[in-house]
Every structure is written in structure tokens, then in C-alpha cells.
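Position one of the sequence shown corresponds to residue 3 (our numbering), numbered consecutively onward.
Quick reminder that beta carbons are idealized off the backbone N, C-alpha and C, glycines included.
Here the structure is laid out as C-alpha cells; the discussion comes afterwards.
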Amino acid sequence: MNIYVGNLPYRTRNDELEALFAQYGEVLSVNIIYDRRTRRSKGYGFVEMADDAAGRKAIEALNGSDFGGRTLKVDEARRREEGAPQTRTPSPERQAPSGGLLGFLKRIFG
């Protein structure tokens, strides 16, 4: 069973999350999600448990519990619908054409 774990403290390491879930059964994998640019944790991750019963027990016990001063949000992970487009909104800087050097100077000096 694949489990979503949200509202993690940003300094949480994979081994800490694995130890938390290992109390409820065999953990197959742990994956904390990091921002590619900053390389900081996004505050959520996924834990794969060996069997569904252990996964449900972990969800029931850990959802709403305190971990590192934060209230965890724990639920069965949902797969993205196949073929569904990823909706990413570009930042305002990327939406507007750059205008080259002239555009840059206009943005700085008005």
C-alpha cells in the first residue's frame, strides 16, 4: 500500500519517516519530495508498506498525530489519472515575454 504523508517538518529525513511507519509493519520504501530548485523538502512524501492491513493501521494511528511539532496528514496515496495533463501554472516572470535587455532595463527603471 502506498501512503501519502503531508505536513512533515521540513528537516525530516527518510530514515526518520521509515522508523515512524515501521512500528506498524514492514516498510518497503520512503520518498520525501524535494523542490528541484532549492533542494529543500516540500513537506510531504510517500511511504510504501508491504501489506494493506499494516498500511491501514499506520494511517489510522498516524493521521492527525504530532510529529516534530506538526500535525501529520496521512492517507492512502491516490494515483494521478492516466493521461491527465499536469497542471502547472508558470510564475509571472515566465508568463511575460522577457523583452531582452531593453525589457529588463524598463522593468528596473520604469
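Exercise. Alpha carbon to alpha carbon, what distance is there between aspartate 53 and leucine 10?
Worked result: Residue numbering aside, residue 10 sits at position 8 when the sequence shown is read from its first letter. Residue numbering aside, residue 53 sits at position 51 when the sequence shown is read from its first letter. Answer to the nearest angstrom: the Cα atoms are 23 Å apart.
For this session: Give every residue of the same chain whose Cβ lies closer than 8 Å to the Cβ of leucine 74, excluding the five residues on either side of it in the sequence, and list them in chain order.
Result: What you label residue 74 is simply residue 72 of the sequence shown in a count that begins at 1. Once the five neighbours on either side are set aside, the close Cβ partners of leucine 74 are Val7, Gly8, Asn9, Leu10, Leu64, Asn65, Gly66, Ser67, Asp68.
For this session: Count the other CB atoms, across all protein chains shown, that sit within 10 Å of the CB of alanine 60; report buried if there are 16 or more and exposed otherwise.
Result: Your numbering for residue 60 matches position 58 in the sequence shown. Label assigned to alanine 60: buried.
For this session: Return the Cβ separation of methionine 3 and glycine 57 in integer angstroms, given the expectation that the two are a contact with Cβ distance under 8 Å.
Result: As a first step, residue 3 must be located in the sequence shown, where it is residue number 1. As a first step, residue 57 must be located in the sequence shown, where it is residue number 55. Yes, methionine 3 and glycine 57 are in contact; Cβ-Cβ is about 3 Å, under 8 Å.
Problem set entry | As assigned by DSSP and simplified to three states, the class of asparagine 16 | Counting from one through the sequence shown, the residue named residue 16 turns up at place 14. Assigned with DSSP and collapsed to three states, asparagine 16 falls in helix.
Exercise. Considering only residues of the stretch 14-86, which uninterrupted beta strand (DSSP E) runs meet the minimum length of 3 residues and lie entirely inside it, listed in chain order?
Worked result: If we require 3 residues or more, the beta strand (DSSP E) runs fully inside the stretch 14-86 come out as 29-36, 43-51, 75-78.
Problem set entry | Residues of its chain near leucine 22, where Cβ-Cβ distance is below 8 Å and the 5 sequence neighbours each way are ignored | Position 20 of the sequence shown, counting from 1, holds the residue named residue 22. Listed in chain order, the non-local C-beta contacts of leucine 22 below 8 Å within the same chain comprise Leu64, Phe69, local neighbours out to five positions each way being set aside.
For this session: Classify arginine 109 as buried or exposed, calling it buried when 16 or more other Cβ atoms lie within 10 Å of its own Cβ.
Result: To locate residue 109, count along the sequence shown from 1; it is residue 107. Classification of arginine 109: exposed, given that the 10 Å Cβ count is below 16.
Exercise. What are the residues that DSSP puts in a beta bridge with isoleucine 5?
Worked result: Against the sequence shown, residue 5 aligns to sequence position 3. According to DSSP, which records beta bridges pairwise, isoleucine 5 is partnered with Val49, Glu78.
Problem set entry | Collapsed DSSP secondary structure at leucine 10 in the structure displayed | Against the sequence shown, residue 10 aligns to sequence position 8. In the structure shown, leucine 10 sits in coil (DSSP, three-state: anything other than H, G, I, E or B).
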